[in-house]
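*Asks:* I have a structure I would like to understand better, so I am pasting it below and will then ask my questions one at a time.
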Amino acid sequence: MKLVASLLSVPQSDPQPSPISSPLTWRGVLLFGMASALLLALAFPKPNLTFLAWVAPIGWLLLVRAEALPKRAYWLIYLSGCLFWLTVLYGIGKAHWATRAFGWPVLSGYLAVYIPLFIALCRPIVHRLQVPIPIAAPLVWTALEYVRAYFVTGFSMAQLGHTQVDYLPLIQISSITGAYGVSFLVMLVASLLLMAVPPWEAGKADRAQPKPTRQVAWVVAALLVVVGSYVGGQQWLRVEQRYDAENLAQQKEAGNRPVQIGLVQGSIDTVFGDPTQSERTFEQYSQLSDLLVAEHPNLDLIVWPETTMGPHMVFEVANDFAPPPAWGSSGERAKQSILETVRGFNYFLHGLVVNRWRAPLLLGTSVIRYGNQRVDHYNAAIHVGDQGTIVTRYEKTHPVMFGEYVPFGDWFPFVYDWLPIGGGLTPGKGPIVVDVEGVNLVPCICFENTVPHLVAGQIRTLNAEGEKVDALVTLTNDGWFWGTSILDLHLTCARFRAVENRRPMLVAANTGISAAIDAQGKIGQYAPIRKTSFLVAEVTPTDRPLSFYTRFGDWFAAGCLLLTLPLVIAGVFFRRGKRETDPIPEQKPPD
Numbered sequence: 006m007k008l009v010a011s012l013l014s015v016p017q018s019d020p021q022p023s024p025i026s027s028p029l030t031w032r033g034v035l036l037f038g039m040a041s042a043l044l045l046a047l048a049f050p051k052p053n054l055t056f057l058a059w060v061a062p063i064g065w066l067l068l069v070r071a072e073a074l075p076k077r078a079y080w081l082i083y084l085s086g087c088l089f090w091l092t093v094l095y096g097i098g099k100a101h102w103a104t105r106a107f108g109w110p111v112l113s114g115y116l117a118v119y120i121p122l123f124i125a126l127c128r129p130i131v132h133r134l135q136v137p138i139p140i141a142a143p144l145v146w147t148a149l150e151y152v153r154a155y156f157v158t159g160f161s162m163a164q165l166g167h168t169q170v171d172y173l174p175l176i177q178i179s180s181i182t183g184a185y186g187v188s189f190l191v192m193l194v195a196s197l198l199l200m201a202v203p204p205w206e207a208g209k210a211d212r213a214q215p216k217p218t219r220q221v222a223w224v225v226a227a228l229l230v231v232v233g234s235y236v237g238g239q240q241w242l243r244v245e246q247r248y249d250a251e252n253l254a255q256q257k258e259a260g261n262r263p264v265q266i267g268l269v270q271g272s273i274d275t276v277f278g279d280p281t282q283s284e285r286t287f288e289q290y291s292q293l294s295d296l297l298v299a300e301h302p303n304l305d306l307i308v309w310p311e312t313t314m315g316p317h318m319v320f321e322v323a324n325d326f327a328p329p330p331a332w333g334s335s336g337e338r339a340k341q342s343i344l345e346t347v348r349g350f351n352y353f354l355h356g357l358v359v360n361r362w363r364a365p366l367l368l369g370t371s372v373i374r375y376g377n378q379r380v381d382h383y384n385a386a387i388h389v390g391d392q393g394t395i396v397t398r399y400e401k402t403h404p405v406m407f408g409e410y411v412p413f414g415d416w417f418p419f420v421y422d423w424l425p426i427g428g429g430l431t432p433g434k435g436p437i438v439v440d441v442e443g444v445n446l447v448p449c450i451c452f453e454n455t456v457p458h459l460v461a462g463q464i465r466t467l468n469a470e471g472e473k474v475d476a477l478v479t480l481t482n483d484g485w486f487w488g489t490s491i492l493d494l495h496l497t498c499a500r501f502r503a504v505e506n507r508r509p510m511l512v513a514a515n516t517g518i519s520a521a522i523d524a525q526g527k528i529g530q531y532a533p534i535r536k537t538s539f540l541v542a543e544v545t546p547t548d549r550p551l552s553f554y555t556r557f558g559d560w561f562a563a564g565c566l567l568l569t570l571p572l573v574i575a576g577v578f579f580r581r582g583k584r585e586t587d588p589i590p591e592q593k594p595p596d
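Residues 6 to 596 (my numbering) are what the sequence shown spells out, left to right.
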C-alpha cells in the first residue's frame with residue numbers, strides 16, 4: 006500500500022498541519038472505510054437492502070476528497086475491502102476445509118485490493134487535475150470492475166450494479182453497456198450525494214463551506230439522475246415487452262409453438278468423502294424426473310444441473326489413443342474395457358429416454374477422454390436426443406480457479422494432492438447449439454454465466470457461424486455453497502446475462518436457485534433454495550437481433566479504462582492546475 010501511495014505521490018499526511026486545520030486521522034479513515042464496506046455488504050443478499058448501495062460508497066469517496074490521508078491509510082482502507090468481500094463471499098468456504106482456510110480468504114484478500122486502488126487512483130485525478138469527483142469516481146470504479154473481470158481468469162460477481170437487479174428499468178441499459186453501466190450509474194449518484202456533504206477539515210470548511218441551496222442542488226441532481234434513469238428504463242422495458250408479445254403472436258401464426266422444457270432441481274449439498282453421495286444424487290434426480298414427466302408427459306427437453314449423473318459418465322477413446330507407459334502390457338485390455346463401458350453407457354441412456362421418460366435430455370456429467378498417453382477430464386453437458394443417443398455435447402471452456410483447476414497445476418501437479426478437486430479440468434473448445442424442436446439453446450456450465458464477456462462472446466461466435474440463439478441455459482451444481490447468499494449472487498449474474506444479450510435464461514441448479522428468466526431479467530418461475538422441485542418453462546423461437554452489448558462487448562468499461570489511464574498518468578507526472586492543498590490563510594492572533 007505504501008508503494009501505491011508513493012507511486013501516485015499524493016500526500017498521505019500533512020507534514021506541517023495548519024493550526025486551524027483538522028487533518029483526517031487514522032480513526033477517521035477506519036470509520037469511513039468500514040462504514041462503506043458494511044453498508045455495501047448490506048445492499049447484497051441476503052439482507053438485500055439495495056437502496057444502501059446508492060450511499061454506501063460515500064465513505065470511500067470522503068477519503069478521495071480528503072486533502073491529506075494519514076500514514077498507513079491505505080492499509081486501513083484495504084481492511085475495509087477485506088471486510089466487504091469476506092462478508093459477501095462467506096459461502097465460498099462452506100464446501101471443504103481447504104476452501105474455508107485457503108480459497109475464501111485468498112480470493113477475498115485479492116478482491117479487497119481494488120478498494121484502496123480505487124481511492125489511490127482517484128486522488129491524483131481529483132486533487133492535481135481538478136477533475137470533479139462525480140466524473141472521476143464513476144470512471145475509475147468502472148475501469149477497475151473491468152480489470153477485475155479479466156485479470157487472473159476474472160471474477161465478475163458482486164459488481165456494484167448487481168445491487169439493483171430487482172429494479173428492472175434501471176438495469177435495461179445493460180443491453181448496451183453491460184452491468185458496468187449500472188455500476189457507473191450507482192457510483193455517479195453516490196458522488197453527487199457526496200458533494201452535498203460539508204468538508205470536515207476546519208480550514209477547508211471555512212473556505213469552501215457549501216451553501217444550503219448548493220447542497221440541496223446536489224441532492225436534487227442525484228435524484229434527477231435516478232428518476233430519469235428509472236423513467237427512461239420503464240419506457241425501454243415497455244418496448245421490449247411489446248416486442249416479445251408481437252414475436253409470440255407471429256410465431257403462433259407461422260405455426261411455431263413454444264417448446265416445453267423441464268428444469269429439475271435436487272437438493273444435495275456437496276460433502277467430500279461421502280462414498281454414497283454420487284449414487285444418491287443420481288437417484289434423487291431420477292425420481293424427480295419421474296414425477297416431472299408424470300405431471301407433464303409432453304416435454305420437449307428435460308434439463309439436469311451439472312455433475313448430477315452420479316457414477317454414470319461419458320468415456321471416450323480418441324483415434325490417436327496410446328496408453329501411458331505406466332499401463333504396461335495392460336494397455337490394450339484397458340482400451341477394450343473402456344469401449345465396453347462406452348457401449349453400456351449408451352444402452353443406459355437409450356433406456357432413460359426411450360423407455361423411462363420419453364423425452365430428450367440435457368444432462369450435466371463428466372467426460373473422460375483417453376488420448377495419446379494422456380487423459381483429459383471435461384465438465385460437460387450432453388444432449389441426448391429422442392432416440393436415446395448423444396446428439397452433441399458442450400464441454401466447459403472456463404474452469405473455476407481453485408475449484409476446477411489450480412494455476413500452474415500442469416507444471417506442479419503435486420498441488421492437486423492438497424485439494425479435493427482431483428487432477429483439474431481440461432477446458433473445452435467452444436460453444437455449441439442444442440436444437441430443441443427448432444429452438445436453439447446455448448448451454449453454459451457452473452460459474453460461466455458470471456463472466457459477461459464469455460457469454461456474449463459465445464453468442465457472437467455462433468451468430469457469425471450462422472447459428473441463431475433463442476435462449477441461454479445454465480447447468481450448475483451450487484451444492485458447494487450450502488444455501489448461502491452465493492446462490493443469490495449467482496442468480497443475479499444469470500439475470501444480467503439475460504438482459505445484456507436480450508435472450509431468456511433458464512437455470513437448472515442443484516440446491517437452487519433454478520429459474521426461468523425472460524429477456525428483460527424478470528424471473529417468471531423459480532425453485533426455493535435447498536428444496537427438491539422442478540419447473541416447466543416455455544421458450545419461443547425469436548428473430549430478435551443481437552443486442553448492442555452482444556455485438557460490441559465491453560466497449561463501455563474498456564472506454565472507462567482508456568480514459569482513466571491517461572488521467573492517472575497525468576495526475577502522477579504532471580502537476581497541472583491548482584496545488585492539491587490550497588494554502589490556508591494565516592489567522593491573526595486575537596487582540
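Note that CB positions come from ideal geometry on N, CA and C, so glycine has one too.
In the DSSP assignment, what are the bridge partners of Asp440?
*Replies:* According to DSSP, Asp440 bridges with Asn445.
*Asks:* Out of Leu296, Val447 and Gln378, point me to the one whose CA is closest to Gln463's CA.
*Replies:* Looking at the Cα atoms, Val447 is the closest of the given residues.
*Asks:* Can you find the residues in the same chain that come closer than 6 Å, C-beta to C-beta, to Ala201, ignoring five residues on each side of it along the sequence?
*Replies:* Gln220, Trp223 and Val224, listed in sequence order.
*Asks:* Pop quiz: Leu511 and Ala542 are said to be a contact at Cβ under 8 Å. What is the actual Cβ separation, rounded to whole angstroms?
*Replies:* Going by Cβ atoms, the distance from Leu511 to Ala542 rounds to 6 Å, so yes, they are a contact pair.
*Asks:* Could you tell me how far apart the beta carbons of Trp31 and Ala78 are, in whole angstroms, since I believe they sit closer than 8 Å?
*Replies:* That belief holds up - the Cβ atoms of Trp31 and Ala78 are roughly 7 Å apart, short of 8 Å.
*Asks:* Between the Cα of Tyr399 and the Cα atoms of Asn377, Lys434, Leu134 and Leu47, which residue gives the shortest distance?
*Replies:* Considering only alpha carbons, the answer is Lys434.
*Asks:* Which residue marks the beginning of the alpha helix (DSSP H) containing Gln292, and which one marks its end?
*Replies:* Residues Gln282 to Glu300.
*Asks:* Please report how far the alpha carbon of Leu165 lies from the alpha carbon of Val191, in whole angstroms.
*Replies:* Going from the Cα of Leu165 to the Cα of Val191 covers about 7 Å.
*Asks:* Within the same chain, show all residues whose beta-carbon is closer than 8 Å to that of Thr537, passing over the 5 residues directly before and after it, in chain order.
*Replies:* Hits under 8 Å: Gln270, Gly271, Ser272, Gln289 and Leu293.
*Asks:* Going by the CB atoms, is the gap between Leu74 and Ala42 shorter than 8 Å?
*Replies:* For Ala42 and Leu74, no; Cβs fall outside 8 Å.
*Asks:* Give the DSSP bridge partners of Leu367, in chain order.
*Replies:* Paired residues: Val308 and His388.
*Asks:* Cα-Cα, which of Val308, Ala575, Ile307 and Gly315 is closest to Pro2?
*Replies:* One cannot answer for residue 2 here, as it falls past the ends of the chain, which runs 6 to 596.
*Asks:* For the candidate residues Thr497, Arg502, Ile130 and Ala100, whose alpha-carbon lies nearest to that of Asp171?
*Replies:* Nearest of Thr497, Arg502, Ile130 and Ala100 to Asp171, Cα basis: Thr497.
*Asks:* Expressed to the nearest angstrom, what Euclidean distance is found between the alpha-carbon atoms of Val244 and Leu175?
*Replies:* Each residue's alpha carbon lies about 15 Å from the other.
*Asks:* Determine, using beta-carbon pairs with one atom in the segment 134–148 and one in the segment 105–114, whether at least three such pairs fall under 8 Å.
*Replies:* Cβ pair count under 8 Å is below three, so no.
*Asks:* Find out if the Cβ-Cβ distance for the pair Arg535, Thr516 is shorter than 8 Å.
*Replies:* Contact flag set, yes.
*Asks:* Between the segment 142–159 and the segment 566–574, are three or more C-beta pairs nearer than 8 Å?
*Replies:* Contact holds: three or more Cβ-Cβ distances are below 8 Å.
*Asks:* Could you pull the start and end residues of the alpha helix (DSSP H) that Ser234 belongs to?
*Replies:* Residues Pro217 to Glu258.
*Asks:* Answer yes or no: do Ile130 and Val573 have a C-beta to C-beta separation smaller than 8 Å?
*Replies:* Against a cut-off of 8 Å, the Cβ pair of Val573 and Ile130 comes out as a contact.
*Asks:* For a test of the three-state rule: what should DSSP assign to Thr147, helix, strand or coil?
*Replies:* It is helical.
*Asks:* Mind checking whether Gly576 and Arg133 have CB atoms under 8 Å apart?
*Replies:* Yes, these two residues count as a Cβ contact at 8 Å.
*Asks:* Using only the heavy atoms of the ligand ZN, determine whether one of them is closer than 7 Å to the beta carbon of Leu242.
*Replies:* For the structure depicted, the ligand ZN is absent and the ligand set is empty, with no information on it obtainable.
*Asks:* Along the chain, where does the alpha helix (DSSP H) containing Phe578 start, and where does it finish?
*Replies:* Taken as a continuous stretch (DSSP letters only), the alpha helix (DSSP H) holding Phe578 covers Trp560 to Phe578.
*Asks:* Determine the burial state of Gly471: buried for a count of at least 16 other Cβ atoms within 10 Å of its Cβ, exposed for fewer.
*Replies:* Exposed is the call here.
*Asks:* Do the segment 178–186 and the segment 44–53 meet, that is, are 3 or more Cβ pairs less than 8 Å apart?
*Replies:* At 8 Å Cβ cutoff, the stretches do not touch.
*Asks:* Mind checking who Tyr531 pairs with in its DSSP beta bridge?
*Replies:* The partner list for Tyr531 (beta bridge, DSSP) reads Ala520.
*Asks:* Helix or strand or just coil, what does DSSP make of Thr30?
*Replies:* Coil.
*Asks:* Tell me the DSSP secondary structure of Glu400 in three-state form.
*Replies:* Strand at Glu400.
*Asks:* What is the DSSP secondary structure of Tyr172, reduced to helix, strand or coil?
*Replies:* It is coil, neither helix nor strand.
*Asks:* By how many angstroms is the C-alpha of Glu72 removed from the C-alpha of Gly208?
*Replies:* At Gly208, the pLDDT of 49 sits below 50, so the modelled position is not reliable and the matter cannot be decided from this model.
*Asks:* Under 8 Å, do Gly484 and Asp325 count as touching if we go by C-beta distance?
*Replies:* No, the pair does not count as a contact, with Cβ atoms beyond the cut-off.
*Asks:* By Cβ distance below 6 Å, which residues in the same chain neighbour Leu477 in space, the five residues on each side in sequence not counted?
*Replies:* Excluding residues within five positions, the ones whose Cβ falls inside 6 Å are Val447, Arg508 and Met510.
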